[in-house]
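These notes concern the structure reproduced below.
Protein chains in written order, with the working numbering: chain L, 13 to 131; chain R, 323 to 440.
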């Protein structure tokens with residue numbers, strides 16, 4: 013079974029600064045996806061970024077980027093130029109990419125990291 | 323509007339009562355899921371469904387019942403609510419095989435239902 017661990021229950025950062033959220037996972041599979049989801053106070057789950065395990069290049073989405081270290085089973089999220097709207101709970105999640113290349117949404121989530129951005 | 327909606331958004335009930343949380347999606351996604359969110363545990367899968375009339379257990383299914391008579395609906399029932407079932411419940415969907423190889427497993431979530439069992 014896969015496990016996902018987020019070792020930082022809470023983090024804080026000043027507006028415009030950079031912050032990195034950590035995530036490690038454990039799996040015996042070789043073909044999988046990793047995600048970061050954001051959950052603001054509204055409770056809505058929002059996909060921030062995804063990484064395909066077979067791609068060595070780190071994914072980037074505007075101010076959000078990941079550092080994917082497959083051998084170390086590490087998947088950290090870097091938020092640059094932090095904004096007040098980035099204040100949220102962030103979840104790291106894993107999914108095995110099953111036979112045939114399809115995946116069906118049975119994600120395994122980490123415990124979450126509460127990020128607070130201070131003005 | 324297209325999307326996935328949950329009802330009720332907030333519910334307070336008493337121990338032993340039956341509660342049903344509703345989930346409706348308009349994308350015709352084949353896969354639907356129920357997760358519960360608890361502090362320190364992240365989101366944990368309760369039940370999922372691959373298609374109408376096909377359901378299966380997730381990580382924490384005890385005390386819950388699901389059904390899926392229509393593709394667009396996936397209700398979750400707590401037959402006899404307990405305090406340990408106080409949580410925020412999320413319904414989600416995914417296109418599954420219909421999404422083809424471009425389906426990355428991304429889930430599309432409802433807005434969540436906060437359930438308090440007294």
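Beta carbons: idealized from backbone N, C-alpha and C, even for Gly. Quick caveat: nothing in here was measured; it's all calculated off a predicted structure.
Q) Which same chain residues, not among the five before or five after residue 466 of chain R, have their C-beta less than 7 Å away from its C-beta? A) Outside the displayed span of chain R (323 to 440) sits residue 466 of chain R, for which this structure offers no information.
Q) For residue 395 of chain R, which residues does DSSP report across the bridge? A) DSSP, once it has assigned bridges, lists R:346 as partnering residue 395 of chain R.
Q | Local conformation of residue 405 of chain R per DSSP, three classes | A | Helix.
Q.
Determine whether the beta carbon atoms of residue 44 of chain L and residue 121 of chain L lie at a separation below 8 Å.
A. In terms of Cβ geometry, residue 44 of chain L and residue 121 of chain L do not form a close pair [threshold 8 Å].
Q. If the cut is a Cβ gap below 8 Å, which residues of chain L does residue 410 of chain R touch?
A. The contacting residues are 55.
Q.
Below 8 Å on the Cβ atoms is my contact criterion, and I expect residue 403 of chain R with residue 341 of chain R to pass it. Report the Cβ-Cβ distance as a whole number of Å.
A. 5 Å between Cβ atoms; contact.
Q: Identify the continuous beta strand (DSSP E) that holds residue 67 of chain L and give its terminal residues.
A: Per DSSP, residue 67 of chain L belongs to no beta strand (DSSP E) and is neither H nor E.
(Q) Cβ closer than 8 Å: which chain L residues qualify as neighbours of residue 431 of chain R? (A) Identification of chain L residues near residue 431 of chain R by a Cβ-Cβ cut-off of 8 Å yields 56, 57, ordered along the chain.
**Q.** Cβ neighbour criterion (16 or more within 10 Å) applied to residue 72 of chain L
**A.** Label assigned to residue 72 of chain L: exposed.
Q. Any C-beta of chain R sitting closer than 8 Å to the C-beta of residue 119 of chain L?
A. Nearest CB-CB separation between residue 119 of chain L and chain R: below the 8 Å threshold.
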